[in-house]
């Protein structure tokens, strides 16, 4: 149940509540959704009737940015890569 709801009038978390940077409070413990992967994206796309286009597009953008950052890191921190030295 969401905070502020009661047993007589429960309000539950739904698909709209689970996006990147969402805060979920469960039994007094706060969780922040910070990441997702391709499997989550595939699930959202397979169940489009339950999720907004905004949520799906936002996850696409998040994963593309994450992939680009990984590529940049690999270029700078590639172990065993060629190193050019110049002796004078």
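Numbering (the working numbering), first residue to last: 606 to 693.
We put the CB at the ideal spot given by N, CA and C, even for glycine.
request  = For residue 612, count neighbouring Cβ atoms within 10 angstroms of its own Cβ and tell me buried if that reaches 16, exposed if not.
outcome  = Exposed is the call here.
Presumed contact (8 Å Cβ cut-off) between residue 646 and residue 656, rounded CB distance = The pair is not a contact, with the Cβ atoms about 10 Å apart (cut-off 8 Å).
key: residue 636: first and last residue of the uninterrupted beta strand (DSSP E) it sits in   = 634-637
ask   = When the Cα of residue 635 is compared with those of 626, 641 and 642, which residue comes out closest?
value = 626
Among 637, 629, 658 and 642, nearest to residue 669 - alpha-carbon criterion = Per the Cα distances, 642.
ask   = For residue 608, which residues from the same chain have a beta carbon less than 6 Å from its beta carbon, with the 5 sequence-adjacent residues on both sides left out?
value = 630
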